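So the sequence shown is numbered by this note's numbering: it starts at 4 and just counts up by one. Glycine included, every Cβ here is placed at the ideal spot set by N, Cα and C. Because the structure is a prediction, the values reported are computed rather than measured.
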Amino acid sequence: MTQEAIDFEQQHNPFLLSIGLVIKRHGDQGRRTVYLRWRDKEQRKMGDELYEGALLRRDLPGSVRETLFGIECERCLFNGRAGLINQELRNVRLVIERLDRAEDNFHRDPE
């Protein structure tokens, strides 16, 4: 999904920069799947309120607002899939941890 996130950024950020926004990958280097987050073009601020604020701008024509809405829908779907994958990764790590503990207990000498 990291490559998909990179492709998403490359596809949409040229348009988004024209209205002062970008979408950037956000995550913790390899332990989980990245999410896509709204950022201002200086990348000092982050969050959904940046998207919401852009939709309220009166200087943006309806076609730009529609494109922005479509990008947000795609971003939400991507993040939903990322969340499912991240939950599965947590579950798998927990199962591995429990299996390791069960094996350690099995190999322990009885007292």
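The Cβ atoms of Arg42 and Ile26 lie closer than 9 angstroms to each other. In the three-state DSSP reduction, Leu53 falls in the helix class (H, G or I).
Annotation: Asp10 to Leu63 spans about 25 angstroms, alpha carbon to alpha carbon. The closest CA to that of Gly30, considering only Glu77, Gly73, Met4 and Gln13, is found on Met4. Here the alpha carbons of Leu53 and Val95 stand approximately 35 angstroms from one another. A distance of 9 angstroms or more separates the beta carbons of Leu20 and Arg78. In the displayed model, Leu24 falls within a strand according to three-state DSSP.
Residue range Gly65 to His110 is occupied by the alpha helix (DSSP H) that includes Arg96. Judged by DSSP in its simplified three-state form, Asp43 adopts strand.
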